[in-house]
Each structure stands twice: as structure tokens, then as C-alpha cells.
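The structure under discussion appears below in the form of C-alpha cells.
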């Protein structure tokens, strides 16, 4: 899977989905769902790996510079793509 943000493309691996929520009300529908289907909204967390220790929910091979969507709409959009097709689209809500 590839993680795309502005002009950067990095190899990534999804480790965990934190919660599934209703996009209209932002109410959490299910915590830690096993999978997502089309047109569902979910919260995932992105962190960089440190050596071989997994510290996040999406593992990236390299450090990536990101900006919160609330600060800069253009730089806060992210995409997950696999085999040339977009698997997920999202925004950066918080930087830890």
C-alpha cells in the first residue's frame, strides 16, 4: 500500500483502524472494526516506525512532513492507494 500526501508517496502498511464513525454526526459507531467497506468513515492514526518496533497504526518507511487540515487544506489531505487504485481518502486531524 502507498501513503500519498501532497507530492510525497511512501510505502505504508495499515496496522489498526481505531474507530468507525458516522460522518454526519461524528458519533462513534464501532471501536476497532476489523475491516471497512465502501463509503464508510473511520479514524486511523499514522506514526513513523522506530527501528523494528511498531509505534503506530499505519507504518511508513520514511519520515513524512505533514500539516493539519485545519491549518492548510491542501497539505492536510492524505490518500492510501494499492495496485493503482485509491483505497482510502482522509485528512490529517491531529499531529502527535
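Residue numbers (UniProt numbering): 1 to 96.
The beta-carbon is built from N, C-alpha and C at its ideal position, and this holds for glycine as well.
In this structure, what does DSSP give as the bridge partners for residue 41?
-> For the purposes of this step, residue 41 is taken as the residue at position 41 of the chain shown. BP columns for residue 41 point to 21.
Nearest candidate by alpha-carbon position, reference residue 16, set 71, 10 and 32 = The count along the chain shown starts at 1 and reaches residue 16 at position 16. It is 32.
Assumed close pair residue 78, residue 91 - CB separation to whole angstroms, cut-off 8 Å = By one-based count along the chain shown, residue 78 stands at place 78. By one-based count along the chain shown, residue 91 stands at place 91. So it is a contact: roughly 7 Å between Cβ atoms.
Endpoints, beta strand (DSSP E) assigned at residue 11 = For the purposes of this step, residue 11 is taken as the residue at position 11 of the chain shown. Where residue 11 is concerned, the enclosing beta strand (DSSP E) stretches over 8 to 14.
Separation of residue 9 from residue 69, as counted between CA atoms | Here residue 69 refers to the residue found at position 69 when the chain shown is read from its first residue. Here residue 9 refers to the residue found at position 9 when the chain shown is read from its first residue. One C-alpha to the other measures close to 18 Å.
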